[in-house]
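What follows is a short report on a single structure.
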Amino acid sequence: MTTYYSEEHEWLTVEGETAVVGITQHAADQLGEIVFVEQKEVGDDFEKGDDIGVIESVKAASEIYAAVDGEVTEVNETLEENPGTLNDSPEGDAWIYKIKLTNTDQLEELMDLDGYKAFIG
Numbered sequence: 001m002t003t004y005y006s007e008e009h010e011w012l013t014v015e016g017e018t019a020v021v022g023i024t025q026h027a028a029d030q031l032g033e034i035v036f037v038e039q040k041e042v043g044d045d046f047e048k049g050d051d052i053g054v055i056e057s058v059k060a061a062s063e064i065y066a067a068v069d070g071e072v073t074e075v076n077e078t079l080e081e082n083p084g085t086l087n088d089s090p091e092g093d094a095w096i097y098k099i100k101l102t103n104t105d106q107l108e109e110l111m112d113l114d115g116y117k118a119f120i121g
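End of the sequence shown sits at 121 in UniProt numbering; the numbers just go up one at a time, nothing left out.
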């Protein structure tokens with residue numbers, strides 16, 4: 001498994017052609033208390049850069065953008081009942097989607113952990 005990071009503060013842990021997608025701790029900290037998560041449905045296709053959901057906090061609403069092309073294979077339903085889980089464990093139990101990658105070459109455009117840490121300063 002390899003984890004990649006996007007400039008939109010999302011992480012993807014990839015194994016084969018499957019990825020688990022979520023937001024980084026940095027993003028969760030910036031958003032503050034998360035009160036609602038709007039998610040796509042299983043079977044939805046998307047392309048890199050597409051809006052694939054919304055996270056609302058007491059401070060603001062923030063879109064979730066696709067870091068790669070893919071298809072939603074699983075949605076973390078825990079977030080519907082308990083969106084605050086994203087504050088507690090954004091890089092663990094509070095993943096947002098599991099996706100099937102449709103263009104693995106796009107992973108090369110993403111950052112590794114060291115690159116992401118440098119990016120957020």
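A virtual CB, placed ideally from N, CA and C, is assigned to each residue, including glycine.
- Contact annotation: V37 and P90 have beta-carbon atoms that are not nearer than 7 angstroms.
- For E15, the number of other beta carbons within 10 angstroms of its own is below 16, and it is reported as exposed.
- Taking all protein chains in view, the Cβ of T2 is surrounded by fewer than 16 other Cβ atoms within 10 Å, so the residue is classified as exposed.
- Sequence-distant Cβ neighbours of E10 in its own chain, meaning closer than 8 angstroms and more than five residues away, are V21, G22, I23, T24, A27, I64, Y65 and A67.
- Assigned with DSSP and collapsed to three states, E47 falls in coil, not helix or strand.
- Nearest in C-alpha terms to K98, of all of G70, K117 and D50, is G70.
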